[in-house]
Every structure is written in C-alpha cells, then in structure tokens.
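Student: Starting off with a structure, shown below.
Protein chains in written order, with this note's numbering: chain L, 1 to 620; chain X, 1 to 239.
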C-alpha cells in the first residue's frame with residue numbers, strides 16, 4: 001500500500017507459497033508493485049505471520065538491485081538500531097498483531113516508473129492440537145491484485161487423513177475457487193481469484209480478500225513406536241499412537257478470586273468452570289481451591305467426578321465472588337498437599353495423572369510475594385510428582401513468572417486474553433490438557449547412533465497432540481534406526497520396540513523434484529532452539545548461560561530470527577545519501593503482553609459501559 | 001420482556017420478567033423533576049406457540065424530555081424525533097447521526113440507536129431483527145440505560161426505581177427444580193422472597209447471540225422487588 005489516497009502504485013502480484021514437509025512449514029510471501037507515478041512514492045509492505053514462526057529471510061528487490069536482510073546477534077544489531085534511532089529514524093519492523101500473529105512491516109521509497117519486489121520467508125513446526133495441524137495465512141491486500149495466489153503443498157509421508165481449507169472472507173462465489181487435491185501422501189491447496197472475482201462489487205475498487213485463510217489437516221498415525229523419518233543424516237520421530245485409552249486425572253483447580261478478578265473476569269471464570277466441570281469424566285477426581293488473602297475450598301480433599309459431585313461443585317462455583325488480595329503461594333501449596341495427601345491415603349487411582357490448574361490475574365501481594373521464592377517452593381513441594389498448568393488472565397499478570405513455574409513443574413503457562421471470549425479460551429486450554437493418554441513417556445535411541453537429540457522424555461502425552469523428537473545421526477549412511485518407547489498407560493505399561501528405515505523419496509514422491517533435503521535438519525534446528533530458549537529461562541544458572549549461548553549459535557547458523565537474534569535490513573540510500581538500517585525482532589510473550597497492555601484502551605473502548613451498573617429490558 | 005438490574009459494585013444482578021397482554025404500555029422511567037418519561041409498548045408472537053406460552057416484547061418506545069422539549073418515538077419500523085418544533089424521521093436501514101443542541105442520536109444500521117439527552121440520561125435501543133417469514137417471532141426492541149446518574153432521586157418506573165441502587169441480601173441457597181438453577185431466599189424492601197439463580201442475556205455486544213449474565217430471578221412479574229405490582233406501571237398512551 002501507499003500513503004496516498006489516489007496512489008498510482010499498482011500491486012500486480014501477491015503470492016503466498018507454503019510448503020509443508022512432515023509438519024515443517026516453509027512459507028514465502030512475495031509482493032510486487034510498480035510505481036506508475038511521475039514522482040517517487042513510499043510503498044509499504046505489511047504482512048502477518050504466525051507468532052510460532054521464525055523469520056528466516058527478507059529481501060527487497062528494487063530495479064534489479066537486491067537488499068537482503070541479515071540475521072545478527074541481537075546485541076550487535078541493537079547497536080546499529082540505536083544509531084538509527086539517534087539519527088531520528090524509526091526501525092522496528094515486527095509488532096504484535098492479535099493473539100496468534102505478528103505483523104512485519106517495512107516501507108521503501110520507490111522512484112518513478114520503478115518496480116519493487118518484497119519477499120519474506122518464515123518457518124515453523126506445526127503443532128498437533130485437538131487432533132489436527134493448522135496452517136494460518138492472513139491476507140489483506142489493500143487493492144485489487146492482478147496475480148493473487150495462495151498455494152500450499154503438503155507432503156506427509158505418513159499419509160493424510162483429511163484436509164480442510166476455509167477462509168473468513170470466503171463467500172459463496174469465492175468458495176469454489178479453493179482448489180484442493182488430496183492424494184495419499186500429498187495435498188495441494190490453491191486459491192487464486194481473478195481481479196474481477198476479488199472485487200467487492202461490480203465496478204468498485206474494494207477487495208473481498210481480507211482475513212484468515214486456514215488449512216487444517218491430520219495424518220495417519222502409526223501404531224507402536226510411531227513414525228520416524230530419516231533424511232540426510234537427521235531424523236525426526238513423531239509419536240501419537242491411535243486408540244489409546246485415556247488415563248483418569250486428578251485435577252485441583254486453584255482459582256484466584258482476589259479483588260482484581262472482579263467483574264467480567266470473575267464472571268468468565270465462573271462460566272468457564274461451569275463448562276469445564278461438566279466435561280470431567282466420571283473416573284476423574286477433582287477439587288476446587290479459591291484464594292484471595294485467604295485460602296478456602298469446596299471440600300478438604302479431591303472428589304470423584306460423579307454427577308452428584310459435579311452438580312454440587314457447579315452450584316459452589318456459581319457463587320464465587322471476588323474479594324481481597326492475592327496469595328498464590330499458599331493456595332497452590334494447599335493444592336499440592338491435597339494431592340499428596342489423597343495419593344498417600346490411596347484415595348486416587350494408582351495409574352492416573354495428577355495436575356494443578358492455577359488461574360490468576362495478578363501479582364502475589366499477600367503471604368509469600370517473592371516470585372523466585374514462590375517458584376522454589378513449588379518445585380520443592382511438587383518434586384516432579386505432578387503437573388502445574390498456569391493460566392494468566394489479562395495483562396497485569398507476570399507471565400514469565402507463571403511460564404517458568406509451569407515449565408519447572410512438567411506443565412506450562414498460557415495467557416488468557418481479557419476479552420468477551422475469555423471463558424472459551426479457558427475451556428480451550430482445558431481441552432488441550434484434559435485427556436492424558438500416557439505418562440512419563442521415554443523415547444530411546446541407541447547412544448552410539450545419534451547425538452544432538454531434542455528432549456526425549458515427556459511427562460504426558462495428551463489426546464489430540466503429538467510428541468516430536470529429532471536428532472542427528474552419527475553415521476551419515478545409517479539406513480535403519482532402532483527405537484524403543486516406554487510409558488505408563490491406562491492399566492498397563494506401554495512398551496514398544498522397532499526399527500525405522502530411511503525412505504526412498506523417489507518412490508514416495510516420484511513426481512516431485514527432491515525438495516526435502518534440509519527440511520528435517522531445519523526441523524531439528526527449530527525444535528532444538530525452541531527447547532534451548534525454554535531452558536534459558538527455567539534451568540539452573542549454568543544451564544541458562546549454556547542454553548542461551550547454544551541457541552544463539554544455532555539461530556545464527558540457521559538464520560532464524562529468534563528472541564536472541566535480529567534481522568537487519570539496509571534500505572537503499574536516500575537522496576541525502578544516508579542509509580537507514582531496519583530491525584526485525586522476534587517478540588517474546590512478555591513483549592506481546594506489554595504491547596497489549598499499552599493498546600488496551602483502543603482495543604476495548606466499550607469496557608466502561610460494563611464497569612458502571614446497568615439497567616435494561618430486552619427479550620430472549 | 002426480561003428486566004435486568006446489574007449491580008457492578010456487588011458483581012451481581014437481579015432479573016425478572018413482566019408478562020401481560022400484547023399491546024400493554026408500561027412506564028419504564030419517569031422522573032418528574034427532570035421531566036423525563038420513557039414508556040414502552042409490547043407485542044406478542046405472530047401466533048400462539050405450540051406450548052401455549054405467550055411471550056411479549058417491546059416494539060415501540062415513547063420518550064419525552066419535557067424540559068428540553070424533546071420527544072422521540074422509536075419503533076421496530078422507524079425512529080421519529082421531535083425537537084425545535086419539528087419532526088425528523090430516521091430509518092433503521094441507514095447508519096446516521098443527528099446532533100442537536102439538546103439531543104444526540106446515533107443509528108447503527110439495523111442494529112442500535114444511541115440517545116444522549118443533554119445533562120440527563122443516555123441509553124441505547126437495540127433492534128432485534130427476526131427473519132420475516134419466522135412462523136412465531138417478529139422484530140422487537142431492547143432498552144439499555146447507559147448513564148442515569150444525573151436523574152433525580154424521585155426517578156421511578158419499572159427500571160427507573162433501581163437507578164439509585166437497591167439493598168438486598170441472599171441466603172439459604174438450596175437445590176432448585178433444575179440442578180443449574182438453585183433457589184435461595186432474598187430479603188429485599190422488607191420482604192422475604194423465594195428467588196432462583198438463572199441468567200438473562202445482554203445483547204449489547206452481540207445482538208444475535210447475546211452474553212449470559214447470571215442473575216437472581218424474582219418470580220411472578222418481579223413481585224416484591226418492584227414497588228407495587230406490574231399493573232401499577234400500565235399507562236394508556238405512549239406519551
């Protein structure tokens with residue numbers, strides 16, 4: 001787009017090309033424009049990419065001259081950045097865009113009758129959630145485009161069970177334009193409307209193309225040890241066996257009812273809990289602990305999720321009211337003690353999963369308030385015997401505190417965005433973790449055959465998810481890799497052995513050029529960096545330093561823009577001869593939260609109407 | 001129609017239904033000091049549903065601000081405003097606004113009308129459009145008070161009597177007819193009422209689906225909660 005209302009810039013091509021090979025997605029977004037005016041104009045390239053993706057490349061080609069981005073250590077890039085800021089230029093290219101996306105934007109001055117081509121590449125490992133993978137592309141061309149195309153090719157050697165493509169902007173007229181071809185191991189999805197088909201109405205310039213294009217798919221899941229692919233000296237192991245019975249769970253909900261939860265947050269927590277309780281399975285056990293300054297609870301120990309108990313708990317939940325301060329430490333410790341005690345008393349099924357779900361919106365301000373001390377207390381009390389999941393409500397909670405605490409205790413943290421769908425988000429999180437299938441899953445490979453293994457021990461495998469392990473083979477010519485998987489399943493141990501062999505790509509994809517060369521290696525690098533970044537926050541001080549250094553090395557080696565690196569883009573010289581470096585960063589969840597906080601009054605302008613009393617009459 | 005009294009300081013809400021014959025006109029707000037009056041007329045379903053239950057809704061509101069000389073008639077068909085001695089008509093089918101010295105109106109196409117009466121009250125009227133060929137239902141309106149703090153202590157009416165707060169206590173929570181809706185005892189205005197926990201919908205954010213607001217439901221047309229009984233609020237004309 002341009003700043004001019006009556007611009008003479010023609011965006012003549014916008015293409016989004018995504019190739020997925022064994023869940024690893026490589027997306028290239030290209031936009032070409034021509035300045036038809038007699039004078040130079042500033043042209044903007046603005047695209048959204050998933051927050052789980054790492055940018056790997058960006059370039060601008062102006063009249064045959066290519067200006068490519070370069071991934072550098074963040075500190076070094078920052079020096080260039082500071083120089084740019086001190087000379088009055090703004091430089092940040094990546095900003096928060098909603099919950100799932102980040103916005104990359106750059107502008108460049110283009111001479112009269114000149115062309116520019118912007119190309120942004122990013123990569124991500126698609127995660128299996130609730131039984132499918134999702135590829136999300138957000139498109140918003142500001143004008144009609146001569147050549148508009150979204151093309152996705154999915155290669156899954158395991159075989160594809162279904163592919164579903166839809167978009168928020170698809171009308172009945174546009175729907176038939178989504179072309180989908182699915183064969184056993186390959187899917188091709190394309191969407192390429194003509195200019196006329198993009199038009200909002202006959203004769204007008206507005207475009208219909210504005211929204212999310214979403215592809216969902218799943219793969220055939222192998223029984224036994226799962227599926228292993230060996231390519232070019234690297235392997236990746238996908239483990240999500242079908243037809244495993246779910247394990248009973250014992251879950252303690254620790255719910256913040258401090259004053260700051262007042263109003264909608266409390267109402268939404270109640271609403272979500274009412275649904276969550278309804279979804280408990282009868283063989284599950286559960287407890288409710290409420291906290292403000294004081295800790296109170298529904299019952300002194302966990303109860304079996306019988307219909308009667310659930311009904312009683314739901315009545316209790318309906319009357320949760322906000323009041324007082326925030327004593328997280330004692331509240332979670334009460335939950336831990338309850339689980340430990342009930343286990344000791346053999347009130348809980350032997351083969352079952354213990355978990356605590358903490359829902360809070362604020363900083364502890366009562367009891368123990370030192371965050372590090374609280375983390376230590378939890379780690380000590382939990383002792384690796386249960387999982388702690390932390391849900392941080394709104395923008396005031398210290399997300400990194402919850403994130404570290406979750407990761408230190410076999411769990412994780414998730415932000416709940418304060419909005420009208422908060423209750424749905426809470427339920428969504430619960431769905432992700434509500435059905436454990438296996439506990440203490442160990443994936444083992446011969447030590448003399450592999451190195452640089454990503455995490456191969458997982459405290460749980462949840463229904464609808466998938467465990468992924470990747471590594472490097474020490475013998476580059478190895479064709480067969482022995483593997484063993486151990487875990488604790490429902491009623492019995494899960495133990496399988498097997499041997500994986502390298503695929504012959506010419507047989508699996510006979511009509512494709514060999515494009516898969518470095519996919520597995522990059523998948524391994526992506527996964528390794530993600531895990532190192534986690535370790536750099538939650539490990540011991542030594543581990544933190546080592547993990548940070550290694551993650552930085554790998555980010556640079558594989559050209560990933562991670563929280564430790566930045567991409568520096570040098571724009572063409574301006575007329576006065578100055579160069580202006582631009583910086584693309586990877587945002588952390590804390591930065592995203594900060595950005596949301598700043599944007600709060602803009603995002604929810606009507607919130608005031610809810611804080612004052614309201615009186616109304618309407619019909620159902 | 002369902003009435004909702006949301007008390008944000010208590011994070012709680014009270015609700016009741018008023019059912020009468022279609023065509024009845026009720027006084028919702030009456031403030032003799034500022035000269036504000038809001039009356040609403042009900043309609044029923046197109047025909048009596050199979051369950052025999054007659055549901056009524058508001059389809060027309062008459063609003064007067066005597067001191068400012070403003071008069072508004074809002075129906076599911078159109079919006080008429082009288083000010084400075086003349087009538088102006090607005091259509092639900094257009095987004096538009098009208099700014100006057102004493103009244104501001106903002107119409108969002110087929111959705112809502114926000115009315116701000118100078119130095120007195122602000123409210124929004126929602127239009128619920130129903131599929132024209134629906135066998136039972138027809139278009140109706142919702143009335144939401146956004147700001148009433150400038151009204152006098154004498155303000156009354158089915159909604160107005162709650163504008164300056166209400167004292168109540170709820171105790172003795174016990175199982176109700178359905179597990180999701182427990183009963184309780186409410187002490188309010190010197191009376192002891194049997195109330196039921198339920199929810200009603202607030203359509204301001206999403207006019208189609210609405211958002212559930214949990215509330216204490218007062219049975220029998222709000223008897224005991226409202227001053228007098230529902231019949232006391234019936235008037236003969238819209239203005």
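Each residue gets a CB set at the ideal place from its N, CA and C atoms; glycine is no exception. Since we're looking at a predicted model, the values are computed, not measured.
Just reading off the alpha helix (DSSP H) that residue 524 (chain L) is part of, what are its end residues?
Tutor: Looking up residue 524 (chain L) in the first chain gives position 524. Looking at the DSSP string, the run of the alpha helix (DSSP H) that includes residue 524 (chain L) is 519-538.
Student: Could you check the C-alpha separation between residue 505 (chain L) and residue 57 (chain L) for me, to the nearest Å?
Tutor: If you number the first chain from 1, residue 505 (chain L) lands on position 505. If you number the first chain from 1, residue 57 (chain L) lands on position 57. The alpha-carbon of residue 505 (chain L) is positioned some 27 Å away from that of residue 57 (chain L).
Student: Could you say if the segment 411-419 of chain L and the segment 366-381 of chain L meet the contact criterion of at least three C-beta pairs nearer than 8 Å?
Tutor: no
Student: Can you say whether residue 144 (chain X) is buried or exposed, counting buried as having 16 or more other CB atoms within 10 angstroms of its CB?
Tutor: Translated into the one-based positions of the second chain, residue 144 (chain X) becomes position 144. Looking at its Cβ environment, which holds 16 or more other Cβ atoms inside 10 Å, residue 144 (chain X) is buried.
Student: Ordered along the chain, which non-local residues of its own chain (more than five positions away) have a Cβ less than 6 Å from that of residue 33 (chain X)?
Tutor: In the second chain, counting from the first residue as 1, residue 33 (chain X) sits at position 33. 152, 154, listed in sequence order.
Student: Report the neighbours of residue 2 (chain X) on chain L: residues whose CB is nearer than 8 Å to its CB, in chain order.
Tutor: Within the second chain, residue 2 (chain X) is the residue found at index 2, counting from 1. Those within 8 Å of residue 2 (chain X) in chain L are 617, 618, 619, 620.
Student: The alpha helix (DSSP H) with residue 425 (chain L) in it runs from where to where?
Tutor: Numbered from 1 along the first chain, position 425 holds the residue referred to as residue 425 (chain L). Looking at the DSSP string, the run of the alpha helix (DSSP H) that includes residue 425 (chain L) is 422-433.
Student: Can you have a look at residue 156 (chain L) and say buried or exposed, based on whether 16 or more other CB atoms are within 10 angstroms of its CB?
Tutor: Along the first chain, read from residue 1 onward, the residue named residue 156 (chain L) stands at position 156. Result: buried.
Student: Can you pull the chain L residues whose beta carbon is under 7 Å from the beta carbon of residue 95 (chain X), in chain order?
Tutor: Along the second chain, read from residue 1 onward, the residue named residue 95 (chain X) stands at position 95. Those within 7 Å of residue 95 (chain X) in chain L number zero; the least Cβ separation is about 17 Å.
Student: Can you give me, in chain order, the residues of the segment 246-266 of chain L that have a beta carbon less than 9 Å from any beta carbon in chain X?
Tutor: 262, 263, 266
Student: Whole angstroms are fine: how far does the CA of residue 328 (chain L) sit from the CA of residue 289 (chain L)?
Tutor: Against the first chain, residue 289 (chain L) aligns to sequence position 289. Against the first chain, residue 328 (chain L) aligns to sequence position 328. Answer to the nearest angstrom: the Cα atoms are 11 Å apart.
Student: If I measure Cβ to Cβ from residue 533 (chain L) and keep anything under 7 Å in the same chain, skipping five residues before and after, which residues do I get?
Tutor: Stepping through the first chain from its first residue, residue 533 (chain L) is reached at position 533. Only 551, 562, 563 meet the Cβ criterion.
Student: Under 9 Å, Cβ to Cβ, is there at least one residue of chain X near residue 271 (chain L)?
Tutor: As a first step, residue 271 (chain L) must be located in the first chain, where it is residue number 271. Judged by the 9 Å Cβ criterion, residue 271 (chain L) is in contact with chain X.
Student: Where residue 278 (chain L) and residue 306 (chain L) are concerned, what is the direct C-alpha to C-alpha distance, given to the nearest angstrom?
Tutor: Residue 278 (chain L) sits at position 278 when you count from the first residue of the first chain. Residue 306 (chain L) sits at position 306 when you count from the first residue of the first chain. Looking at the two C-alpha atoms, the distance is approximately 10 Å.
Student: Could you tell me which chain L residues have their CB closer than 8 Å to the CB of residue 211 (chain X), listed as they occur along the chain?
Tutor: If you number the second chain from 1, residue 211 (chain X) lands on position 211. Residues of chain L passing the Cβ test: 420.
Student: Going by the beta-carbon positions, is the gap between residue 138 (chain L) and residue 101 (chain L) smaller than 9 Å?
Tutor: Taking the first residue of the first chain as 1, we reach residue 138 (chain L) at position 138. Taking the first residue of the first chain as 1, we reach residue 101 (chain L) at position 101. Yes.
Student: Note down, one range per segment and in chain order, each beta strand (DSSP E) of at least 3 residues found wholly within the segment 101-165 of chain X.
Tutor: 103-108, 112-117, 121-128, 140-147
Student: Where does residue 627 (chain L) sit, in a helix, a strand or coil, going by DSSP?
Tutor: Given a span of 1 to 620 for chain L in the structure shown, any question on residue 627 (chain L) remains unanswerable.
Student: With a threshold of 16 other CB atoms inside 10 Å of the CB of residue 39 (chain X), please say whether the residue is buried or exposed.
Tutor: Position 39 of the second chain, counted from the first residue, corresponds to residue 39 (chain X). Buried is the call here.
Student: Name the chain X residues whose beta carbon is nearer than 9 Å to that of residue 299 (chain L)?
Tutor: Here the question's residue 299 (chain L) lines up with position 299 in the first chain. The CB of residue 299 (chain L) never comes closer than 9 Å to any CB in chain X; the least such distance is about 16 Å.
Student: So residue 187 (chain X) contacts chain L; which residues on that side make the cut at Cβ distance below 8 Å?
Tutor: Counted from its first residue, the second chain places residue 187 (chain X) at position 187. Near residue 187 (chain X) there are no residues of chain L at all, since even the closest Cβ is about 17 Å away, more than 8 Å.
Student: With a cut-off of 9 Å, does the C-beta of residue 57 (chain X) fall near any C-beta of chain L?
Tutor: The residue you call residue 57 (chain X) lines up with position 57 of the second chain. Yes - at least one Cβ of chain L is within 9 Å of the one on residue 57 (chain X).
Student: To the nearest angstrom, how far is the alpha carbon of residue 615 (chain L) from that of residue 198 (chain X)?
Tutor: Mapped onto the first chain, residue 615 (chain L) falls at position 615. Mapped onto the second chain, residue 198 (chain X) falls at position 198. Cα-Cα distance, rounded: 17 Å.
Student: Answer yes or no: do residue 103 (chain X) and residue 95 (chain X) have a C-beta to C-beta separation smaller than 9 Å?
Tutor: Sequence index remark: in the second chain, residue 103 (chain X) carries index 103 (1-based). Sequence index remark: in the second chain, residue 95 (chain X) carries index 95 (1-based). For residue 103 (chain X) and residue 95 (chain X), no; Cβs fall outside 9 Å.
Student: Once DSSP output is grouped into helix, strand and coil, what is the label at residue 55 (chain X)?
Tutor: Working through the second chain from its first residue, we reach residue 55 (chain X) at position 55. Residue state, collapsed to three classes: coil.
Student: Taking the beta strand (DSSP E) that residue 44 (chain X) belongs to, which residues open and close that run?
Tutor: Taking the second chain and counting its residues from 1, one reaches residue 44 (chain X) at position 44. Looking at the DSSP string, the run of the beta strand (DSSP E) that includes residue 44 (chain X) is 36-44.
Student: With a 10 Å radius around its C-beta and 16 neighbouring C-beta atoms as the bar for buried, classify residue 224 (chain X) as buried or exposed.
Tutor: For the purposes of this step, residue 224 (chain X) is taken as residue 224 along the second chain, with counting starting at 1. So residue 224 (chain X) counts as buried.
Student: Looking at the structure shown, is residue 488 (chain L) part of a helix, part of a strand, or coil, going by DSSP?
Tutor: Position 488 of the first chain holds residue 488 (chain L). It is a strand residue.
Student: For a contact defined as C-beta to C-beta under 8 Å, what are the partners of residue 319 (chain L) on chain X?
Tutor: The residue you call residue 319 (chain L) lines up with position 319 of the first chain. 173, listed in chain order.
Student: How would you write the range of the alpha helix (DSSP H) that residue 340 (chain L) sits in, first residue to last?
Tutor: Working through the first chain from its first residue, we reach residue 340 (chain L) at position 340. 328-344 is the span of the alpha helix (DSSP H), which, as asked, contains residue 340 (chain L).
Student: Count the other CB atoms, across all protein chains shown, that sit within 10 Å of the CB of residue 72 (chain L); report buried if there are 16 or more and exposed otherwise.
Tutor: For the purposes of this step, residue 72 (chain L) is identified with residue 72 of the first chain, where counting begins at 1. Classification of residue 72 (chain L): buried, given that the 10 Å Cβ count is 16 or more.
Student: Using the Cα positions of residue 448 (chain L) and residue 230 (chain L), report the straight-line distance between them to the nearest angstrom.
Tutor: Your numbering for residue 448 (chain L) matches position 448 in the first chain. Your numbering for residue 230 (chain L) matches position 230 in the first chain. Each residue's alpha carbon lies about 16 Å from the other.
Student: Taking C-alpha atoms, which residue in X:193, X:150, X:126 lies nearest to residue 206 (chain X)?
Tutor: The sequence position of residue 206 (chain X) within the second chain is 206, counting from 1. Minimum Cα distance to residue 206 (chain X) is reached at X:126.
Student: Does any CB atom of chain L fall closer than 9 Å to the CB of residue 36 (chain X)?
Tutor: As a first step, residue 36 (chain X) is located in the second chain; it is residue number 36 there, counting from the start. Output row for residue 36 (chain X): interface = no.
Student: Contact check, residue 33 (chain L) vs residue 10 (chain L) under 8 Å by CB: the rounded distance?
Tutor: On the first chain, position 33 is the one that residue 33 (chain L) refers to. On the first chain, position 10 is the one that residue 10 (chain L) refers to. At roughly 7 Å, the Cβ-Cβ gap stays under 8 Å, so residue 33 (chain L) and residue 10 (chain L) are in contact.
Student: What three-state label does DSSP hand residue 281 (chain L) in the structure shown?
Tutor: Residue 281 (chain L) sits at position 281 when you count from the first residue of the first chain. The three-state secondary structure of residue 281 (chain L), taken from DSSP, is coil.
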